[in-house]
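At position 205 of the sequence shown (counting the first as 1) the number is 532 in the numbering used here, and the numbers step up by one without a gap. Backbone N, C-alpha and C define an ideal beta-carbon position, used for all residues, glycine too. It should be emphasised that the depicted structure is a prediction, and the values quoted were computed from it without experimental measurement. Here is the structure we will look at.
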Amino acid sequence: MQRVLFHSTIFGPIHSRRLGTSLGINLLPDDGKICSFDCLYCEAGYNAQGHGTTGLPSRADVAHMLGEKLQTMKAAGDPLDVITFSGNGEPTLHPEFEGIIDDTIALRDRYFPDVKISVLSNATRLANESVHRALAKVDNNILKLDSAIAATVEAIDRPAPGYDVDTVIGQIASFGTQGIVQTMICRGEHNGKTVDNSTDAEIDALIEAYRRIKPGEIMLYTIDRHTPEEKLRRVAREELDSIAARITAATGISVQVSG
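Shown next, in the form of structure tokens:
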């Protein structure tokens with residue numbers, strides 16, 4: 328079974344195809360996964376693997392480890408473009424998320440004031456006022472929207488019960504241009520059923536959602552690693568570029584393509 332986990336709270340720096348040289352922060356267990364989505368394409372594997380045994384790192388531990396790492400990198404003259412919250416699941420599920428964001432901003436300002444702070448979120452926790460406040464503080468508030476059609480979200484992202492894509496689109500829109508929408512384009516098969524969010528109907532629905540959200544930017548990407556669902560396939564770069572051009576023409580919003 329596909330399962331690539333980050334086995335530490337602070338990891339990297341690594342090269343991100345979208346963000347540059349990135350120092351990662353994993354607020355989830357380092358031997359398991361906790362997420363409100365269970366995506367067919369998640370490189371960390373399915374949620375069925377369990378939460379592991381190490382639990383969540385405390386706010387104090389995150390700040391201590393991040394401070395030590397940034398201090399070491401600064402002394403060595405190492406380059407850094409961004410500090411990114413990602414890891415083994417959904418970072419905004421951490422109960423001390425807002426406080427950790429505040430600590431990270433303070434440490435960034437101390438050691439690397441020009442570096443951006445990014446959060447990769449699936450947008451399932453935007454109704455939580457503390458999470459919403461925290462995301463409004465970061466430089467790159469990257470929010471997932473893989474489809475604007477409920478059945479497709481259920482098929483590809485497999486959210487926890489209670490998820491409503493129309494409600495989430497409205498919540499993402501509350502950030503305006505401070506939000507960045509990230510969309511994974513893929514196609515294939517799961518449990519004998521076709522999954523595909525690259526069709527004309529899917530892109531039309533996304534365009535309407537993007538118009539409603541009015542984000543500062545759209546990130547369009549496709550699979551570049553092994554996925555838990557082995558019958559899932561990447562979309563060619565040429566097709567992604569064509570979809571991006573169609574979105575920009577219809578919305579006037581800049582689209583960054585990775586694929």
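Alpha carbon of residue i to alpha carbon of residue j, nearest angstrom
i	j	result
T451	I534	20 Å
G416	K471	13 Å
M400	G347	16 Å
I545	Q398	33 Å
K396	A528	46 Å
I337	N455	25 Å
I496	R561	25 Å
Residue j beta carbon less than 9 Å from that of residue i
i	j	result
I410	S335	no
P418	L367	no
V465	V480	no
Y537	T494	no
E556	E516	yes
L393	V442	no
D429	A461	yes
I444	F412	yes
Per DSSP, the bridge partner or partners of residue i
i	result
K520	H517
I550	I550 pairs with nothing; no bridge assigned.
G351	F338, T411
G372	Paired residue(s): none; G372 is not in a bridge.
G506	N468
Buried or exposed by the 16-neighbour rule on C-beta atoms within 10 Å, applied to residue i
i	result
H421	buried
S385	exposed
N374	buried
I341	exposed
D436	exposed
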